[in-house]
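Its first residue numbered -2, the sequence shown is counted upward by one per residue in this note's numbering.
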Amino acid sequence: MWQSRIVTRPSIYEFAGGEAAFLALATAHHERCLADPVLNHPFSHPGHPQHVQRLASYWAEVFGGPASYSESCGGHSAMLGIHANQGAEEDLGDRFVRCFMQAADDAQLPDDAEFRASLRSYMTWAVNEVLAYSPRDSRVPAGLPVPHWSWNGLQRADATSPGAE
């Protein structure tokens, strides 16, 4: 008797290796940004003492992990607000994405082509969104939910989420 099986694919968060993988990614990314002559400036200023952990929590949540960033840090609007009104050098976004992808190697995340393409497409999208708020007169809307990124890209905000369309 033939039975059909539904194979569910793990979230990107699970595929990457969970919380430890995202902490390794955030740590490696932070180090790469400090070494970059353009990205160094914003990353070298003392910020929140748990910046790397918060970054790891944010990315983990985006890729299907627990909502710890939203619960403790204020969600997507809070993250955008931290980066808004800073101005941006012309190639900052490209440099940021390049450091992110190199950090994925440094953190020894899976070397799977589809996984790496998902990471790159997310970060390219995210950098463009953050840079849209870089002009000095930008205003970040309140209540934006953390975006969720799957193997198929950006997922529509849950109807119960603040800021859902």
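Positions of the beta carbon are idealized from the N, C-alpha and C atoms, including for glycine.
Check: Extent of the continuous beta strand (DSSP E) run through Gln197; Outcome: Any property of residue 197 remains undetermined from this structure, which presents the chain solely from -2 to 162.
Check: Under 8 angstroms between C-beta atoms of Leu20 and Gln47; Outcome: no
Check: Pair within 8 angstroms by beta-carbon distance, Tyr10 and Ala57; Outcome: yes
Check: Selected residue, minimal CA-CA separation from Ser77, among Pro7, Phe93, Ala139, Asn149; Outcome: It is Leu, not Ser, that sits at residue 77 in the sequence shown. If we check each option's Cα against that of Leu77, Ala139 comes out closest.
Check: Where Ser74 falls: helix, strand or coil (DSSP); Outcome: helix
Check: Classification of Ser69 by the beta-carbon crowding that lies within 10 angstroms, buried from 16 upward; Outcome: exposed
Check: Per-residue burial, Gly61 [other beta carbons within 10 Å of its own, 16 or more giving buried]; Outcome: buried
Check: Extent of the continuous beta strand (DSSP E) to which Ser147 belongs; Outcome: 145 to 147
Check: Contact under 8 angstroms by Cβ, His80 with Tyr130; Outcome: yes
Check: Gly62 CB to nearest heavy atom of the ligand GTP below 7 angstroms; Outcome: The ligand GTP is not among the ligands present in this structure, which contains no ligands whatsoever.
Check: Nearest to Gln152 (by Cα), restricted to the options Val59, Thr24, Ala13, Glu28; Outcome: Val59
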